[in-house]
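Peer 1: Sequential numbering from -2 applies to the sequence shown in the working numbering.
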Amino acid sequence: MYDFQKKMSAVTTPTAPPEEVYVEQPDSTVNFERAVIFKKCDNLQYLEFWLTKEMGLPIKMRMMGSFFDKDLFEKAFPDQQMGKSAVMVEFETEEGMEFIRGHIGTMRGVVAVSEINQRED
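This is how it looks when you write it as structure tokens:
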């Protein structure tokens, strides 16, 4: 077991269902230049912990579920259906977005919204 796994195994996360922890925000409040979509996220609390506490990045996180979200998801992941655990993370700083851009290549199921727009051009 790696050191970070040992450290994380001692962390307890809230057990509230994701619907109670994360309230969906209106789509108009999202800065899409700093947003990424996680195709599947089974542990929202850990993702938030990793980005905010361990990496020190200010974020806004929300579950995806609106019609607009479904359209955006289909553009990000063609020929795949959006499940109940799709998440959009908006980084509040450019530093945070640069961090995730540097790691997207090693993560499966993560797409920057700005890349979706570039694909369409």
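We put the CB at the ideal spot given by N, CA and C, even for glycine.
#1: Which of the three DSSP states, helix, strand or coil, is assigned to Phe147?
#2: What are the boundary residues of the beta strand (DSSP E) that includes Phe96?
#3: Taking buried to mean at least 16 other C-beta atoms within 10 Å of its own C-beta, is Arg105 buried or exposed?
#4: Give every residue of the same chain whose Cβ lies closer than 7 Å to the Cβ of Ala127, excluding the five residues on either side of it in the sequence, and list them in chain order.
#5: May I ask which residues mark the beginning and end of the beta strand (DSSP E) holding Glu30?
Peer 2: Let me spell this out:
#1: Outside the modelled stretch of the chain, which goes from -2 to 118, sits residue 147, for which no answer is possible.
#2: No beta strand (DSSP E) holds Phe96; the alpha helix (DSSP H) holding it covers 91 to 101.
#3: exposed
#4: Beyond the ends of the chain as shown, which are -2 and 118, falls residue 127; an answer cannot be given.
#5: Run containing Glu30: none; DSSP gives neither H nor E here.
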